Every structure is written in structure tokens, then in C-alpha cells.
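Take a look at the structure set out below.
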Amino acid sequence: MKKGITSGLHWSIIIVALFLAACHGRGRTAKPPAPKAKDIVEQPKELNVSIERNLQTALEFILASNGVLNDSMHLTKDSLVNDIYQKRSFEPVWSSQDKWLPLSDSLVDFIGHATELGLFPSDYHYSVLKNIRAQTTQDTLAQKDAALWSRGELLLTDAFFRMCADLHQGRLPFDSVTLRKDTLNVTGYLNLFDTLWQSKDVAVLMHSLEPKHTGYDSLKYGLKNFLQSIDTLKRYTYIPYPAQTSADYINNLKLRLFEEGLLNSPYDYMDTTSMKLVIGKYQRDKGLPETGKLNSGTAGSLNNNNWEKFKKIAITLDRYKLLPDSMPTTYIWVNIPAYSMKIMDSDMIVMESNVIVGQPKTRTPLLTSNVVNFITYPQWTVPYSIIFKEMLPRIKANPSGYLNKQNLMVVDNNDNVLNPDSLNWGKYNKNYFPFLIKQRQGDDNSLGVLKFNFANKYDVYLHDTNARWLFSKENRALSHGCVRIKDFMKLADFLVRNDTLRFPPDTLRSWIGRREKHYVTGFTRVPIFIRYFTCEEKNGGIRFYNDVYGEDRTLCQRYFDSKTL
């Protein structure tokens, strides 16, 4: 009896499981079968018909596989590609019978020169396309392979759309200071494809998608000269610093030394002594202090190669794509890595000055605003962040001594100056501090004698400084976040240049000479852009700036380090 019950229960479980599996499977669409790897067509007149069938089959599979056809073929714009071929009943668009059309030749050639635009040919299937085209033009059997022709079609269409996107929008994510509004939508992409087939000119269409900035055009010109000046552009392994002891890090270091020609193989075992000898030889060859250890200078030298420079150019070109095509006629441009401020007027540099920017721990923020006024002989109210992080421990140790030395005073909410020695500093902290700390105005004020205001949520501004000798330093990432200007008077003169009735020549200088405080307003607001561009064209070449905040390195790790040519 027990045996019969157990057997019945066993079959009941099986029936329930089958029922649940059937219910769970309802509504699920089976994944389309993978398209043929080869489809040889003996009759030439049947080739296009077979290509159409292969295109439809391949696209059905690709759309169900998130753009993936096989290990070496992934479409990033699969939905757009499908739209193109569906609209044309899956007829080939880049080929006819067993011939590639001239427009396809133009596109492949354009992709082959993608590095001149700061792009990576591999992103547009360049090597695979070249291989397919070589096979279909040189191999008589491959010429009959409809599956091979269909793959070439799909890759070309995907490459076209991806290049349109990369030239117009770039590869960097839009951020808080992105000003581009005209992103491409599906209709825009499809219209571009139609435009190409009307104009038959790949280069003209692609150029129309690029930013309309003289700086962008100049950098492209410098990039072309840069590429012509080097023997070849090849990929190198990046070595982060400080050094790590992980196996991956050591393997990457060996690979980099192999790329430098210092090792016969990157896979051979190396003990500490052997590694020290090899690093020492590299340091000796490069004129670096020979320590045999990977230090900051050695890592910097290893990473100062043409591959890293190319990626820096690529990132900078993409940063232009985050700007609007139409910039104001007149604007102030602060470039943090260049430690530079320019006034642009009708695409001409009318004034340029060295600047000091924020330290890496107190960065100058990226922003867009308008300079609305400036003040002669300003008074600095110390931000609470600086009070609590830097000043309060020193004040508690020696209240009047520290404050007098820094030309600072403590004031209450009514702006009454208080005697610091009369206060119980032990009870004040970041949660309870009912005072302001201000610096007395004058030549020794941290803001100097001029401060330029523009609305922003970071409470930063442009200003003079009482430490003007710092402008002679090469590394000028020294401030708490504000931008200090060397030629502050030239900026002030420019802002009031059109109001000679209120501000006759030398008026500003007279005020400063007499140490008078004045608020200067009423001039036309001038847009200000604070940005992070680590290279620019100079005299036909490219000048590179230090990645002072590590922004380029972060973007490279996320988007560019895995790239190939």
C-alpha cells in the first residue's frame, strides 16, 4: 500500500512540474536560428536574392541577441540597421550583384583615416570590412557567398551610423556642463542615410556633423601633423602609479617593458632582482635617476607615449562636442589644465592671461555663467569649509596670533569685530560656529584688489591675489577652487571698454591707487566657460597639458583603454 502511494505521489510531482514548465513557457518567443556561416550561390543572378534572405535572417537573430551575431561581429546600431533594410525590403544597399558600389569604397576609405578625427577604426569594423572586401573581390568562391556579402552590408551600415554618432555627439557621457542640445534621434539618423545616397559624398556629410569651433578645427589640423610626424601609431599598455603588487599589475608592467624592447617575452618568470635590472636599464636609457624601482617619474615616462597622447587628443576633440555649435560672439574661456584664461571676441583672442586654479583636493569646478560685476578692494569672507578643514585647529591653538598673522578678523551676525582672545574656542566646531571670519581688505587680502563675480552654486569667482609670485610656478593648481588672474586689470578694462563716460581711462587704476572700494556694474554681461581641455593646437603642432585632476585618465579607463586600431 505504501509503495503505491509513493509511486502515485512521484507521478503527481512529475505532472505538476510539466504543467508549470508549460505555463512558464507560454508567451515566450523562441530565439531565431543563427544565420548560415556560408551560403554559396552558383548562379550570379540569384546572388542578390540570397543576400536579401541572409540579411533578413541575420537581422532577426541580431535583434534577438542584443546586437551580437558572432564573437567578431557586434552591431551597436542594430535597430537603425534593421530600419534601413526593412524599409528597402532587405535589398543590399552597398553592393549590387557581385560588386561593391563606389560609395562603399568611399566609406571604407573614410574609416581607414578615422584616426585623423580622433576616432578608432576598429569601432567601425575596419579590419573585418577590409577582410570581407578582399575575399569578395579576390576569392572566386567567396564572391558567391551570400552570407559573407550580407555581413559586409550590415557592418557597413552599422559603421556609418556609429561614425555619425561619434562625430556629432562624441563618446563621452553628457554631464552637468554639457550645452549640446541637438542630439540625433532615429529620424535624424535615417535622414542622414538618405542624404548620403543623394549626395554620394561621405566626407562632406561627416564633416557637416562635426563641431563648428575654430579650436576643434585647429586641433584636428594639429592631430594630422602629429600622426604624420610619428613612424606608426600603436597601442601601449598603461601603467598606473602608485605601483601595486598584484599579479595583474606585474604582468602589465612586464608587457609594457616587452613593448619597450627590454624583454624577450612578457610571459617569462622574473624575480625581484631581474625586474630591478630591467627597470634600471630603462631609467638609464631615458636619462632618469637609476633606482631600479618603479617610481612616479619612471611610470610617467612609460606612459608618455604616442598612444596615450592620441587618446588625450581624442578626449579633447570629444569635449568640443559637448559645447553648442554656436558660441557667444564674446566670452571668457578658462582652461584648467592650461592654467590659462582667454577672452574670445569674434573667434579672435583679444586677451590672454595666466591663472591659478584649484588644487586637486579643492578643484575648480566646471561651469558656465556670466560675469555680472566686479569689486575693487574686495573683502574676503572665509568659506566655512576652509574654516573647519584648515583654520579652526590653528585658531584654537593660538587665536589672536594666527588670526593677526593671516590678517583675519572674527565678526558676529551684526558685522561687529570681536576680540578672539575673549571667545571660548573649545566649544566651537562645524556644528556650532555663530561667527564669520573675514579678511581685511587691502593689498595683502587673499582676493587682491579686484574680484569678478558670476552666479554659480560653488561660490567661486575670478580674482587678483596677494601672492602674485605664484604665477611664475609651472604647476599652478594651488587655490581653494577660485581662479586667480595674473592680468586682472586687462580683464577689468575689457569689461568696461564700451562705457567711457562712466569709466574714463585710468579710472579703475585711480580707485585702486587710492584704495577705494567700488562695485562696478552695468556693463554687458560676458559669458564665462570654465572647462578642462588637456591639449590644443599651437603653431601646427599640439601642446599637451598635465592632467592635473586625473579627468582624462578616468575617461580613458572607462571608455578608451580597451580600444584598438
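For the sequence shown, the residue numbers in numbering that gives the first Met the number 0 are 0 to 564.
Don't be surprised by glycine CBs; every beta carbon is placed ideally from N, CA and C.
Bear in mind that the values here come from a model prediction, so they are computed numbers and not experimental data.
- The shortest CA-to-CA distance from G549 to any of I511, D505, I335 is the one to I335.
- Contact check for A146 against A63 fails: the beta carbons are separated by 8 Å or more.
- According to DSSP, residue pairing for H73 in a beta bridge involves V67.
- With respect to the 8 Å criterion, R179 and L322 are classified as neighbours on the basis of their beta carbons.
- Within the stretch 406-457, the complete beta strand (DSSP E) segments of 3 residues or longer fall at 407-410, 435-438, 449-453, listed in chain order.
- Under DSSP, C534 shares a beta bridge with F543.
- When DSSP states are grouped into helix, strand and coil, Y268 belongs to the coil group.
- For the pair W510 and G441, the Cα-to-Cα distance works out to about 12 Å.
- By the Cβ criterion, the stretch 424-431 is in contact with the stretch 384-396, since at least three pairs of Cβ atoms, one from each stretch, lie closer than 8 Å.
- Distance from the Cα of F373 is smallest, within the candidate group P382, D346, M488, for M488.
- For M162, the uninterrupted alpha helix (DSSP H) run begins and ends at 145-167, by DSSP.
- DSSP places D344 within a strand segment (E or B) once states are collapsed to three.
- Within the same chain, Y237 come within 7 Å of D560 by CB-CB distance, once the 5 residues on both sides are set aside.
- A buried status is given to F451, since no fewer than 16 other beta-carbon atoms sit within 10 Å of its beta-carbon.
- About 6 Å separates the CB atoms of P120 and I110; that is less than 8 Å, so the two are in contact.
- With contacts defined as CB atoms closer than 8 Å, P91 and N130 fail to qualify as a contacting pair.
- T194 and D317 have their C-alpha atoms some 24 Å from each other.
- The beta carbon of R501 sits closer than 8 Å to the beta carbons of V495, G521 from its chain, once the five residues preceding and following it are set aside; these are given in chain order.
- Assigned with DSSP and collapsed to three states, F119 falls in coil, not helix or strand.
- By the neighbour-count definition (other C-beta atoms within 10 Å, threshold 16), P210 is a buried residue.
- Per DSSP, reduced to three states, the secondary structure at L366 is strand.
- The closest CA to that of D122, considering only M269, R362, L155, T135, is found on L155.
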